[in-house]
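Report on the structure given below.
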Amino acid sequence: MVVITVRFPEVFVEGLDELVRRRIYSSRSEAIRDAVRRLLKSELGRLG
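Written as structure tokens, this is what we have:
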């Protein structure tokens with residue numbers, strides 16, 4: 028995997044932390060990877 032650095036508004040990080048706290052994801056990184064995966068599938072799928 029490639030490491031990238033991103034900046035998020037604090038409210039986004041709080042939301043990510045809540046997903047981890049609820050054990051929906053094991054880490055912030057996992058949640059972000061899933062969100063990007065879903066975005067790419069949705070957007071690139073529409074472009075066909």
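Everything in the sequence shown is counted per our numbering, starting at 28 for the first residue and increasing by one.
Ideal placement from N, C-alpha and C gives every residue a C-beta, glycine not left out.
- Query: Is the Cβ-Cβ distance between Ala-58 and Leu-66 less than 7 Å?
  - Reply: No, the pair does not count as a contact, with Cβ atoms beyond the cut-off.
- Query: Just the Cα atoms here: how many angstroms apart are Gly-42 and Val-33?
  - Reply: 16 Å
- Beta-carbon separation (whole angstroms), Tyr-52 vs Asp-61, contact threshold 8 Å: 7 Å
- For Ser-53, name the three-state secondary structure that DSSP assigns. coil
- Query: Is Phe-39 helix, strand or coil when you go by DSSP?
  - Reply: helix
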